[in-house]
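Quick note, the sequences are listed as chains A and B, same order.
The numbering of the first sequence is the numbering used here, which starts it at 18 and goes up by one.
The numbering of the second sequence is the numbering used here, which starts it at 97 and goes up by one.
Positions of the beta carbon are idealized from the N, C-alpha and C atoms, including for glycine.
Since the structure is predicted, the reported quantities are computational estimates derived from the model, not experimental observations.
To start, the structure itself, in structure tokens.
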Amino acid sequence: LAKTTQPISMDSYEGQEVNITCSHNNIATNDYITWYQQFPSQGPRFIIQGYKTKVTNEVASLFIPADRKSSTLSLPRVSLSDTAVYYCLVVSNTGKLIFGQGTTLQVKP
Amino acid sequence: NAGVTQTPKFQVLKTGQSMTLQCAQDMNHEYMSWYRQDPGMGLRLIHYSVGAGITDQGEVPNGYNVSRSTTEDFPLRLLSAAPSQTSVYFCASSPQGGLSYNEQFFGPGTRLTVL
Chain A
18 LAKTTQPISM DSYEGQEVNI TCSHNNIATN DYITWYQQFP SQGPRFIIQG YKTKVTNEVA
78 SLFIPADRKS STLSLPRVSL SDTAVYYCLV VSNTGKLIFG QGTTLQVKP
Chain B
97 NAGVTQTPKF QVLKTGQSMT LQCAQDMNHE YMSWYRQDPG MGLRLIHYSV GAGITDQGEV
157 PNGYNVSRST TEDFPLRLLS AAPSQTSVYF CASSPQGGLS YNEQFFGPGT RLTVL
């Protein structure tokens, strides 16, 4: 399964757009890119998933370039409640999720 | 729908004791799995099941057993607890098939301490 690399931590301020980039150089043709969010003392929550180009839902956008070796999760106008750990996963539709350390996002007032 | 429920929320064991962590879901999901999360780390897959009567090992299965007699329940058994099994345990479920596997619903977790 492809390994992902993402920043350990990021800081932002309320109202800003936050972009978290993930690299996955060994992604396979059948793999998808999936992002999860985890608040302290809670289980992870699915945010968004994509294969290529751009995907947008009510929570976030996911940008994937043509070579698919990286992806960027974009959170528009963050609030304090977006403070969490964000995990980038490369998944192969088998159900086996491999989580790295994730990116701890701290949103400040 | 209650989603994915886990009991107990907290548990303290002594080394060598056995116990069962309970997980249930009311979404009629075929796929269920167990993960453990150590402090400051990502989740690691212990065991998973693609349907009733079918289970398989994940990344870190040693010291744990599972069974899946019904679609709703997927208990995790610790046979002889060790301090290395101190962790937070999460159960997850998803509908079976394709992209659905990637959107898993997680329970609130069980925080286990082994002394």
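Throw me the rounded Cβ distance for the residue i and residue j pair, which I believe falls under 8 angstroms.
i	j	result
B/G205	B/V184	5 angstroms
B/S190	B/S196	5 angstroms
A/T51	A/C39	Rounded, the Cβ-Cβ distance is 10 angstroms, inconsistent with contact.
A/R85	A/K69	6 angstroms
B/E126	B/V146	6 angstroms
B/D152	B/Y144	6 angstroms
So which of the options has the shortest CA-CA distance to residue i?
i	options	result
A/I25	A/G119, A/Y68, A/A83 and A/G32	A/G119
B/F186	B/G149, B/P104 and B/A98	B/P104
A/S91	A/S78, A/V102 and A/V108	A/S78
B/S129	B/S114, B/Q113 and B/T101	B/T101
A/P93	A/V124, A/T111 and A/P61	A/V124
B/E199	A/P126, A/L122, A/K113 and A/G117	A/K113
A/V95	A/T111, A/E75, A/A83 and A/F80	A/E75
A/K20	A/T121, A/Y104 and A/P126	A/Y104
B/F202	A/D28, A/N36 and A/I64	A/I64
A/E31	A/A83, A/S98 and A/S58	A/S98
B/V162	B/G138, B/R140 and B/C119	B/C119
B/G194	A/I115, A/R62, A/Q66 and A/G60	A/Q66
B/G99	A/Q54, A/R62 and A/S87	A/R62
A/N36	A/T111, A/I115, A/V107 and A/S87	A/S87
B/N97	B/N124, B/P171 and B/R164	B/N124
Would you verify that the beta carbon of residue i is, or is not, closer than 9 angstroms to some beta carbon of chain A?
i	result
B/L195	yes
B/N158	no
B/F186	yes
B/F106	no
B/R164	no
B/E168	no
B/Q200	yes
B/L141	yes
B/G147	no
B/G203	yes
B/V100	yes
B/S129	yes
B/G136	yes
I'd like to know whether the C-beta of residue i is nearer than 9 angstroms to at least one C-beta of chain B.
i	result
A/F80	no
A/L114	yes
A/T111	yes
A/V72	no
A/R62	yes
A/S91	no
A/Y104	yes
A/T51	yes
A/G117	yes
A/Q66	yes
A/Q59	yes
A/V35	no
Skipping 5 residues on each side, what residues in its chain have a beta carbon closer than 7 angstroms to that of residue i?
i	result
B/V210	L109, T111, A177, A178, P179, Q181 and T182
B/T166	A148
B/G159	L174, L175, A178 and Q181
A/T100	L122, Q123 and V124
CB-CB under 6 angstroms to residue i, same chain, minus the five flanking residues each way: which ones, in chain order?
i	result
B/Q107	L208
A/Q54	R62, I64, A101 and Y103
A/F116	Y104
B/Q113	A177
B/D122	N97 and A98
Between which residues of its own chain and residue i is the CB-CB distance below 8 angstroms, once the five residues before and five after are set aside?
i	result
A/S109	L18, A45, N47, D48 and Y49
B/L141	S129, W130, Y131, G154, E155 and V156
Let me check one thing: in DSSP terms, what residues is residue i bridge-paired to?
i	result
A/Q55	A/V102
A/I37	A/L90
B/N161	B/R173
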